[in-house]
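Those protein sequence lines, which keep their order, are chains A and B. Mapping the first sequence onto my numbering, position 96 (from 1) lands on 96, and the numbers just tick up by one. Mapping the second sequence onto my numbering, position 49 (from 1) lands on 1049, and the numbers just tick up by one. The beta carbon of each residue, even a glycine, is placed where N, CA and C say it ideally should be. It should be emphasised that the depicted structure is a prediction, and the values quoted were computed from it without experimental measurement.
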Amino acid sequence: RKEVEQDPGPFNVPEGATVAFNCTYSNSASQSFFWYRQDCRKEPKLLMSVYSSGNEDGRFTAQLNRASQYISLLIRDSKLSDSATYLCVGIPGRDTGRRALTFGSGTRLQVQP
Amino acid sequence: NAGVTQTPKFRVLKTGQSMTLLCAQDMNHEYMYWYRQDPGMGLRLIHYSVGEGTTAKGEVPDGYNVSRLKKQNFLLGLESAAPSQTSVYFCASSPRGQGASYEQYFGPGTRLTVT
């Protein structure tokens, strides 16, 4: 089983819609989580960190549910420019100090006009 | 400030050939990483370095070697390329220190095809 699992999608939504992605993780000792965004044929870039108390940045809200071991990303008022692949990323509980990241395989979002 | 750069951007190799991918960062980051990305697999860590002169194996190190002779450069070598090494290779760097972010900064990637 992968450490971090995501629904690959694609999620096809109209502009202005609200869309949510979930990501599950298997290592209960995992410390921190992030959402990265990757545009087609480009490098991943940090979108936001995920805190236990929740984290909101404009139209984006990330939440962590440690009891159920999942992370969510909510995008409100979707824009065409939100079309991308969203990567769920975790740090293994036993971080060796190399700041290792474990990446999910990504969820593709396509926002349509 | 270029961030993380990778050379080359594209390459086609024949089975058995060798090559070196170069990664350079100008952010004075201690940590550097090499990942490969394959469809449906996500990014997988090949090798990493926590400082100049040090390297270590990641999740999928077989068939690759690395060197970090200078802090700003991290080289990934394929001694005898195989078709299974066809992939997109990303280099990344991150700062060290307890107060530093875990954010990793990625290069634009190298698309490698082995025929």
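Residues of the stretch 1044-1055 of chain B with a Cβ closer than 9 angstroms to any Cβ of chain A, in chain order: R1044, L1045, Y1048, S1049 and V1050. Proximity to M1019/B across G1107/B, G1042/B and V1066/B peaks at V1066/B, based on C-alpha coordinates.
Contact holds between the stretch 71-89 of chain A and the stretch 20-28 of chain A, because three or more Cβ pairs, one in each stretch, are under 8 angstroms apart. Within the DSSP bridge table, the entry for M48/A names W35/A as partners.
Residue pairing by DSSP leaves P113/A without any beta bridge partner.
At a C-beta separation below 7 angstroms, G104/A has these neighbours in chain B: G1042.
Under DSSP, N55/A shares a beta bridge with A62/A. Taking all protein chains shown into account, T1113/B has fewer than 16 neighbouring C-beta atoms within 10 Å of its C-beta and is therefore exposed. Where G90/A is concerned, the enclosing beta strand (DSSP E) starts and stops at A84 to G90.
Shown in chain order are the members of the stretch 1079-1111 of chain B whose Cβ falls below 7 angstroms from a Cβ of chain A: F1090, S1094, Y1102, E1103, Q1104, F1106, G1107, P1108 and G1109. DSSP, read as helix, strand or coil, puts L1112/B in strand. Below the 7 angstroms Cβ cutoff, chain B contributes Y1102 as neighbours of S32/A, in chain order.
Nearest C-alpha to Y1102/B among Y36/A, G54/A and C40/A: Y36/A. Annotation: T1005/B to C1023/B spans about 6 angstroms, alpha carbon to alpha carbon. For G1051/B and T85/A, the gap between their C-alpha atoms comes out near 31 angstroms.
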